[in-house]
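2 protein chains.
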Amino acid sequence: MGRGHMARRNTNRRVGIADVAEKAGVSHATVSRVMNGNAAVDPGIAARVRAAAVELKYQPNPVGRSLALGKTDTIGIVVPDLANPTFQAILRGLSIAAAQDGYRVLIADSSEVTSEEAILAGEARRRCDGVVLCAPRMSDAELEELAPTLHPLVLINRTTIATNTPSLSVDYGQGIQELAQHLVTLGHRRLVFLSGPEHSASNRQRLVGLDQFRKDHPDVELQMLHGGSNFDSGHESTEAIIASGATGILAFNDLVAMGLLSGLHERGVRVPEDISVTGFDDIPFAKYTTPPLTTAAVPINELGSLAWRRMREQIQQAGEATTQAQDEFSPRVEIRKSTAAPALKPAS
Amino acid sequence: MGRGHMARRNTNRRVGIADVAEKAGVSHATVSRVMNGNAAVDPGIAARVRAAAVELKYQPNPVGRSLALGKTDTIGIVVPDLANPTFQAILRGLSIAAAQDGYRVLIADSSEVTSEEAILAGEARRRCDGVVLCAPRMSDAELEELAPTLHPLVLINRTTIATNTPSLSVDYGQGIQELAQHLVTLGHRRLVFLSGPEHSASNRQRLVGLDQFRKDHPDVELQMLHGGSNFDSGHESTEAIIASGATGILAFNDLVAMGLLSGLHERGVRVPEDISVTGFDDIPFAKYTTPPLTTAAVPINELGSLAWRRMREQIQQAGEATTQAQDEFSPRVEIRKSTAAPALKPAS
DNA sequence: GAATCATGAGAAAGCGTTTTCTCAGAGCGT
DNA sequence: ACGCTCTGAGAAAACGCTTTCTCATGATTC
Chain A
35 MGRGHMARRN
45 TNRRVGIADV
55 AEKAGVSHAT
65 VSRVMNGNAA
75 VDPGIAARVR
85 AAAVELKYQP
95 NPVGRSLALG
105 KTDTIGIVVP
115 DLANPTFQAI
125 LRGLSIAAAQ
135 DGYRVLIADS
145 SEVTSEEAIL
155 AGEARRRCDG
165 VVLCAPRMSD
175 AELEELAPTL
185 HPLVLINRTT
195 IATNTPSLSV
205 DYGQGIQELA
215 QHLVTLGHRR
225 LVFLSGPEHS
235 ASNRQRLVGL
245 DQFRKDHPDV
255 ELQMLHGGSN
265 FDSGHESTEA
275 IIASGATGIL
285 AFNDLVAMGL
295 LSGLHERGVR
305 VPEDISVTGF
315 DDIPFAKYTT
325 PPLTTAAVPI
335 NELGSLAWRR
345 MREQIQQAGE
355 ATTQAQDEFS
365 PRVEIRKSTA
375 APALKPAS
Chain B
35 MGRGHMARRN
45 TNRRVGIADV
55 AEKAGVSHAT
65 VSRVMNGNAA
75 VDPGIAARVR
85 AAAVELKYQP
95 NPVGRSLALG
105 KTDTIGIVVP
115 DLANPTFQAI
125 LRGLSIAAAQ
135 DGYRVLIADS
145 SEVTSEEAIL
155 AGEARRRCDG
165 VVLCAPRMSD
175 AELEELAPTL
185 HPLVLINRTT
195 IATNTPSLSV
205 DYGQGIQELA
215 QHLVTLGHRR
225 LVFLSGPEHS
235 ASNRQRLVGL
245 DQFRKDHPDV
255 ELQMLHGGSN
265 FDSGHESTEA
275 IIASGATGIL
285 AFNDLVAMGL
295 LSGLHERGVR
305 VPEDISVTGF
315 DDIPFAKYTT
325 PPLTTAAVPI
335 NELGSLAWRR
345 MREQIQQAGE
355 ATTQAQDEFS
365 PRVEIRKSTA
375 APALKPAS
């Protein structure tokens with residue numbers, strides 16, 4: 035049995051531009067023209083082509099299209115941990131904003147494996163028209179080297195020396211200082227900072243901010259406790275926190291704060307009566323904890339959509355190496371119920 | 035100035051297979067062969083090609099590759115709402131599992147707009163090697179019609195009549211019955227079900243389950259209260275819940291339960307002393323609420339990775355229309371601190 | 001009425017790969 | 001030494017589209 039023949043006829047190959055052309059009795063070129071409305075086509079012919087297209091349910095193959103046009107209408111995002119609500123929110127904002135302009139987003143999760151970031155970003159870039167790099171953990175040197183190769187690139191929570199890469203950053207240093215100030219104003223004098231992942235740039239910013247805070251408040255005791263970035267690490271720090279004797283706790287972020295809240299509750303330590311706790315980020319869950327969490331709100335939803343706007347600007351400018359916007363957000367302290375004046379009993 | 039010439043020379047076109055071929059003094063074909071290790075190539079030549087490739091930092095263009103191979107190494111996922119932790123978890127599991135096999139994932143968020151689902155799914159399918167449709171809100175008829183056109187397809191929380199589409203579902207009906215049973219066993223006799231989105235298939239399953247529950251427990255009062263699927267809708271239901279006089283509340287999911295928890299706390303209603311509350315899903319936050327939430331755990335992390343496994347099976351079988359696995363998960367009731375025996379005072 | 005021009009459709013050349021087809025040359029047997 | 005097979009590399013086709021180039025046709029102008 036003529037295999038070649040069978041294969042050719044029978045193969046339920048997707049309908050292509052050629053099929054439409056044949057049915058309408060015109061050339062591929064003409065079909066392409068009417069589908070894209072590029073050149074003038076005789077109205078009668080155009081109608082015939084359109085009819086053939088709907089009848090065959092023709093939909094242009096995006097891969098062929100991408101190859102011909104040199105663009106994919108897709109952007110990539112690489113995040114260190116898709117389990118983190120902050121990154122989820124950014125992804126969501128980005129995706130929705132991009133969709134509005136007909137773009138899709140491809141995701142890559144580096145799972146906090148620093149060495150994977152550059153590879154993932156590169157792969158994403160080759161498949162997409164641009165990449166947004168979200169809180170990359172890689173070194174400054176590596177980032178500096180990688181950035182140009184990624185070009186339509188938007189950085190979140192990091193910056194490059196060259197000003198032709200737009201960046202979105204949050205002033206974590208200021209935010210953490212304001213939270214600390216809030217605790218001091220309430221009367222706390224013994225604080226603990228429960229720090230985050232070592233390679234996190236935002237953690238370093240917090241540390242720098244707290245250095246400044248120390249200079250401004252030599253009378254306040256501020257201990258550092260090493261932690262992580264998630265629930266569990268907050269929960270695990272419970273004993274150490276209690277042992278510290280501090281009355282005001284600055285958790286790395288809301289997740290850590292929530293883990294801690296839960297741990298303290300289990301131990302019968304009341305918040306905020308016995309210990310005050312602050313978070314950071316203001317994830318959607320923060321105002322629903324018990325007690326609702328005092329935190330520093332970063333405009334988590336805007337971040338994603340702004341990232342898209344910056345990306346779009348670059349895609350449209352295509353080439354002209356202009357200097358790009360460096361957006362910086364100031365977190366806003368959100369005072370809820372997890373902080374209060376410390377009990378009046380003198381510290382040990 | 036010779037524009038054409040300049041453009042050709044100067045254009046910082048990405049390095050292509052042709053450049054490598056030229057540098058190594060061989061043909062495109064040979065470069066392709068050594069890059070893919072398909073055919074036998076003289077070791078000396080292969081080495082020369084490889085050297086040229088690394089020197090030029092050549093990386094094959096995935097779009098060209100996709101066109102030639104007819105596959106993109108990408109799968110799409112469409113979800114009704116990327117803000118929902120359940121879908122986020124599925125996305126994450128899917129993404130990580132797929133990445134392990136060298137696949138990427140493209141996301142599409144229908145934002146609960148039912149009419150968009152089919153379009154998004156179709157577009158995703160054209161760009162990808164397969165699609166996973168997550169809790170689609172579309173009608174059965176529409177789903178039935180769409181499914182074949184999407185073919186390598188995995189359904190989550192829905193099924194088709196034809197058994198050649200693998201599906202992953204959770205027995206919400208049984209789960210909600212077990213939760214209700216748990217409350218009854220504790221001694222509750224007045225319950226409320228705070229329902230979810232109308233078009234959600236999983237909500238319908240819960241309702242069916244509760245119908246059965248009613249038959250099994252004619253002595254128990256079970257009211258229905260219309261709600262939504264997020265924090266806010268739970269929070270907003272607080273008054274209605276209090277007014278209902280019920281002592282046991284079955285929230286649509288954990289999000290709703292958390293909103294309610296928060297609302298009840300604000301109103302000074304104690305959980306579980308005054309009212310017991312259950313959630314559904316066991317999102318990561320559920321065990322960190324105050325009090326920790328009694329809920330029905332769906333294996334949220336497995337769902338994503340299993341979806342990938344089912345997808346991979348189909349991609350590998352390519353063609354042979356075998357009948358596909360229909361996986362069903364039974365939620366496991368997770369008893370925490372938000373449920374307890376009702377106070378002994380007689381109901382109103 | 002012939003020369004010029006605008007209009008619009010087909011032919012063909014890309015886009016960057018993979019893969020089949022073809023063929024040169026080396027190695028082997030007789 | 002001749003022909004045969006076998007290895008391996010280049011030429012070319014294919015993937016599905018867009019776009020430039022080319023050219024026919026009919027309209028316009030002097």
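First to last, the sequence lines map onto chains A and B.
35 is the number of the first residue of the first sequence in our numbering; add one for each residue after it.
35 is the number of the first residue of the second sequence in our numbering; add one for each residue after it.
Glycine included, C-beta positions come from ideal geometry on N, C-alpha and C.
As the structure is a prediction and not an experimental result, all values here were calculated from the model.
Could you give the DSSP three-state label for T108(B): helix, strand or coil?
Three-state result, T108(B): strand.
What distance in whole Å lies between the Cβ atoms of G282(B) and S310(B), which are believed to be in contact at a cut-off of 8 Å?
Separation of the CB atoms of S310(B) and G282(B) is rounded to 5 Å, and the pair is thereby assigned contact status at 8 Å.
Y322(A): contacting residues in chain B (beta-carbon distance under 7 Å)
Residues of chain B whose Cβ lies closer than 7 Å to the Cβ of Y322(A) are, in chain order, F265, M292, G293, S296.
Using the rule of at least 16 other Cβ atoms within 10 Å of the residue's Cβ for burial, across every protein chain shown, is M258(A) buried or exposed?
Classification of M258(A): exposed, given that the 10 Å Cβ count is below 16.
From the DSSP secondary-structure annotation, give me the bridge partner or partners of M69(A).
For M69(A), which the question treats as bridged, DSSP gives no partner whatsoever.
Suppose you measure from the CA of A291(B) to the CA of V68(A); what does that come to, to the nearest Å?
Whole-angstrom Cα-Cα distance: 53 Å.
Which same chain residues, not among the five before or five after E255(A), have their C-beta less than 8 Å away from its C-beta?
Only R223, R224, L225, A280 meet the Cβ criterion.
Beta-carbon spacing of H251(B), V204(B) below 8 Å
Contact flag unset, no.
Look up G268(A) in the DSSP assignment and say whether it is helix, strand or coil.
G268(A) falls in the helix class under three-state DSSP.
Element boundaries [beta strand (DSSP E), containing V139(B)]
That run of the beta strand (DSSP E) goes 138-143.
Chain-order list of residues whose beta-carbon lies under 7 Å from that of S145(A) (same chain, five-residue window excluded):
Non-local beta-carbon contacts of S145(A) in its own chain, meaning distances under 7 Å to residues more than five positions away in sequence, involve D115 in chain order.
Let me see if you follow: with CB-CB separation under 8 Å, is H386(A) close to chain B or not?
Residue 386(A) is absent from the model: chain A starts at 35 and stops at 382.
Please state the DSSP three-state secondary structure of V305(A).
V305(A): coil per DSSP, three-state reduction.
At a Cβ threshold of 8 Å, is C122(B) touching chain A?
Per the sequence presented here, residue 122(B) reads as Gln, with Cys not at that position. Residue-level contact by beta carbon holds for Q122(B) and chain A, with a gap shorter than 8 Å.
What does S100(A) reach in chain B if we use C-beta pairs closer than 7 Å?
Residues of chain B with a Cβ closer than 7 Å to the Cβ of S100(A) are, in chain order, V97.
Closer than 8 Å by beta-carbon distance: list the chain B residues that pair up with D143(A), in chain order.
The contacting residues are R126, S129, I130, A133.
Taking 8 Å as the CB-CB limit, is P318(A) close to chain B?
It does: the Cβ of P318(A) has a partner Cβ on chain B nearer than 8 Å.
V188(A) versus chain B: which residues are under 8 Å apart at the beta carbon?
Result: empty, since nearest Cβ-Cβ is about 17 Å, beyond 8 Å.
Could you tell me the alpha carbon to alpha carbon distance between D163(B) and N118(A), rounded to whole angstroms?
In a straight line, the C-alpha of D163(B) is about 28 Å away from that of N118(A).
What do you reckon, are the CB atoms on I190(A) and I275(A) nearer than 8 Å?
Between I190(A) and I275(A), the C-beta gap is not smaller than 8 Å, which leaves the two residues out of contact.
Suppose contacts are defined by Cβ-Cβ distances below 8 Å. Is A374(A) in contact with E212(A) by that definition?
Not closer than 8 Å, so no.
Check whether the Cβ of D143(A) sits closer than 7 Å to any heavy atom of the ligand GDP, and report yes or no.
The ligand GDP is absent from the structure shown, which contains no ligands of any kind.
Looking at the structure shown, is R37(A) part of a helix, part of a strand, or coil, going by DSSP?
In this predicted model, R37(A) has a pLDDT of only 32, less than 50, meaning its place in the structure is not dependable enough to derive any value.
Buried or exposed: which applies to T356(B), given that a residue is buried once 16 or more other Cβ atoms fall within 10 Å of its Cβ?
By the neighbour-count definition (other C-beta atoms within 10 Å, threshold 16), T356(B) is an exposed residue.
Taking a Cβ distance cut-off of 9 Å, strictly less, list which residues of the region 64-97 of chain A are near chain B, in chain order.
Taking 9 Å as the Cβ-Cβ cut-off against chain B, the residues of the region 64-97 of chain A that qualify are K91, Q93, P94, N95, P96, V97.
Counting only beta-carbon atoms, is A52(B) nearer than 8 Å to chain A?
It does not; no Cβ of chain A falls within 8 Å.
With a threshold of 16 other CB atoms inside 10 Å of the CB of H39(B), please say whether the residue is buried or exposed.
Any answer about H39(B) is weak, because its pLDDT of 32 lies below 50 and its placement is not dependable; what the coordinates show is given next. Burial call: exposed.
Beta-carbon spacing of D315(A), I334(A) below 8 Å:
A contact, by the Cβ cut-off of 8 Å.
Do T194(A) and A181(A) have their C-beta atoms closer together than 8 Å?
Going by beta carbons, T194(A) and A181(A) fall inside the 8 Å limit.
Residues of chain B with CB closer than 7 Å to the CB of L217(A), please, in chain order.
The contacting residues do not exist; L217(A) stays about 21 Å from chain B at best.
So if DSSP puts A285(A) in a beta bridge, which residue, or which two residues, is it bridged to?
L228(A).
Please go through the same chain and pick out, in chain order, the residues whose beta-carbon is closer than 6 Å to the beta-carbon of A377(B), but skip the five residues on each side of it.
Nothing listed; no residue qualifies.
Starting from the beta carbon of T329(B), find every residue of chain A whose beta carbon is closer than 9 Å, and list them in chain order.
Against T329(B), chain A offers no close residue; the least beta-carbon distance is about 15 Å (beta-carbon pairs closer than 9 Å).
Using a Cβ cut-off of 8 Å (strictly closer), state whether V303(B) contacts chain A.
It does not; no Cβ of chain A falls within 8 Å.
Short CB-CB distance (under 8 Å) between D117(A) and chain B:
In the sequence as presented, Asp is not what sits at residue 117(A); that position holds Ala. A117(A) counts as touching chain B.
Can you grab the Cα-Cα spacing for the pair V149(B) / M172(B), in whole Å?
Note on residue identity: the sequence assigns Ser, not Val, to residue 149(B). About 7 Å.
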